[in-house]
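Remarks on the structure that follows.
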Amino acid sequence: MKLIKKFVFFLSLTVLASLISCKSTKTESGETTIFTTDWIESSYSDTDKLGHFFTTPEIGQFSMIEGEFKKSGGYEHSAFGFVFGYTADEKGWLSDYMRFEITTAGNYAAFACKGNTYIDLVEANDKNTAYMYESSAINSGYDSVNKLKIQKIDDKKYDLFINGTKVTTITVPDGFGNSDGVMAFFSVGTKNQEQFPSNPVKVTYRITDSLN
């Protein structure tokens, strides 16, 4: 049994953030493309960004996605990682999605969200709450590099990895998983959690492998 933390997610909105610079290489079959990107830094210090999370443009459709993340500033419990299996409108706003994320405090989570409904995908509960879980696989602390990987098993299941260690297998709830799209994301805490503008949220990431 994983240790459940006492804090839960704050409600979040999604807008588009930084652009991705990538290279692609096709396999011999010509059917699968491997994407890699340079390191990209996202920084947030404006008060109008408090209490939200921000995504990159869509990386692409995937059967496996792997990326490295490093956070150097901001509230230690504000998460970052991948958002996937979502429904997005033409402006990029998400009506439902799944997230796989970590924090610099050494916790991770996997959950689905639709409106004000949260479904914990690590350990089911009936409290409409997604919890954070401690994991020794995480390199905790600021400026630590962590590699997150999502491996699609079938239309309803994914394996989730942190630094090469499988931490859980999730089952897609009914009504989710409407696409194989994936984006990186970064959360910004509330006014009482962040110290803007003196200590901005800074997260650097790169995609290291993606099979489409």
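Take the position in the sequence shown, starting the count at 1, then add 6; the result is the number in the working numbering.
Beta carbons are placed, not taken as given, at the ideal position from N, Cα and C, and that holds for glycine.
**Prompt:** Within 10 angstroms of its Cβ, does K197 collect 16 or more other Cβ (buried), or is it exposed?
**Reply:** Label assigned to K197: exposed.
**Message:** Considering only their Cβ atoms, is the gap separating Y139 from D126 smaller than 7 Å?
**Reply:** In this structure, D126 keeps its C-beta atom at 7 Å or more from the C-beta atom of Y139.
**The beta strand (DSSP E) enclosing D161, as first and last residue numbers** = Looking at the DSSP string, D161 is not in any beta strand (DSSP E), and its letter there is neither H nor E.
**Request:** Find the nearest neighbour of S231 within the set T42, M189, T43, Y50, judged by alpha-carbon distance.
**Result:** Only positions 7 to 218 of the chain appear in this structure, which leaves residue 231 out of reach.
**Item:** T110: first and last residue of the uninterrupted beta strand (DSSP E) it sits in
**Value:** The continuous stretches of beta strand (DSSP E) do not include T110, and DSSP gives it neither H nor E.
**Prompt:** Between which two residues does the beta strand (DSSP E) harbouring G195 extend?
**Reply:** Segment: none, G195 is in no beta strand (DSSP E) and carries neither H nor E.
**Prompt:** Are there 16 or more other CB atoms within 10 angstroms of the CB of K76, so buried, or fewer, so exposed?
**Reply:** With 16 or more other Cβ atoms within 10 Å, it is buried.
**Prompt:** So, helix, strand or coil for D126, using DSSP?
**Reply:** In the three-state scheme derived from DSSP, where H, G and I count as helix and E and B as strand, D126 is classed as strand.
**Prompt:** Are the beta-carbon atoms belonging to F191 and F59 less than 7 Å from one another?
**Reply:** It is a contact, given that the beta carbons lie within the stated cut-off.
**Asked** DSSP state of T53, grouped into three classes?
**Response** T53: helix per DSSP, three-state reduction.
**Request:** For I176, count neighbouring C-beta atoms within 10 Å of its own C-beta (all shown protein chains included) and say buried if the count is 16 or more, exposed if not.
**Result:** Within 10 angstroms of the beta-carbon of I176 lie 16 or more other beta-carbons, which makes it buried.
**Request:** Measure the Cβ-Cβ separation of D149 and F68 and say whether it is below 7 Å.
**Result:** It is not a contact, given that the beta carbons lie outside the stated cut-off.
**Prompt:** Does the distance from the C-beta atom of M104 to that of F90 stay below 7 Å?
**Reply:** Against a cut-off of 7 Å, the Cβ pair of F90 and M104 comes out as a contact.
**Beta-carbon proximity check, G73 vs Y211, cutoff 7 Å** = The beta carbons of G73 and Y211 sit closer together than 7 Å.
**Asked** From K133 to A116, what distance separates their C-alpha atoms?
**Response** Approximately 15 Å, taken between the alpha carbons.
**Request:** Can you have a look at K55 and say buried or exposed, based on whether 16 or more other CB atoms are within 10 angstroms of its CB?
**Result:** With 16 or more other Cβ atoms within 10 Å, it is buried.
**Request:** Keeping to the same chain, check which residues put their C-beta closer than 8 Å to that of T93; ignore five residues upstream and five downstream.
**Result:** If we look at T93 and ignore the five residues flanking it on each side, its Cβ neighbours are L100, S101, D102, Y103, N184, S185.
**Integer-rounded CB distance, given that I108 should sit under 8 Å from A130** = Not quite, the Cβ-Cβ distance comes to about 21 Å (not below 8 Å), so this is no contact.
**Message:** Helix, strand or coil for K97? Go by DSSP, reduced to three states.
**Reply:** Secondary structure at K97: coil, using DSSP grouped into helix, strand and coil.
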